[in-house]
Amino acid sequence: LMIGHFSARYRDLSPLLMEAKEIFPETYLAIEGETFII
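Following our numbering, the numbering of the sequence shown begins with 6 at its first residue and continues without gaps.
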C-alpha cells in the first residue's frame, strides 16, 4: 500500500503509517523525492 496524499494539518505522518501497517504491513508513505522499485 502506498499512501500519497496527506493533509497539511498532519505535521507527523508516523501515526498514519503505523495505523495503516496494522492492516497492510507493507505500507509506505509516498514522500516527495523518494524512489520506489516495484
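Beta carbons are placed, not taken as given, at the ideal position from N, Cα and C, and that holds for glycine. All of these numbers come straight from a predicted model, not from anything done at the bench.
Can you give me the start and stop residues for the alpha helix (DSSP H) that residue 20 sits inside? 19-28
State yes or no: is the C-beta of residue 7 within less than 8 Å of the C-beta of residue 35? yes
Excluding the 5 residues flanking residue 12 on each side, which residues of the same chain have their C-beta closer than 7 Å to its C-beta? none
From 21, 40 and 38, residue whose alpha carbon lies closest to that of residue 32: Of all alpha-carbon atoms in 21, 40 and 38, the one lying nearest the alpha-carbon of residue 32 is that of 21.
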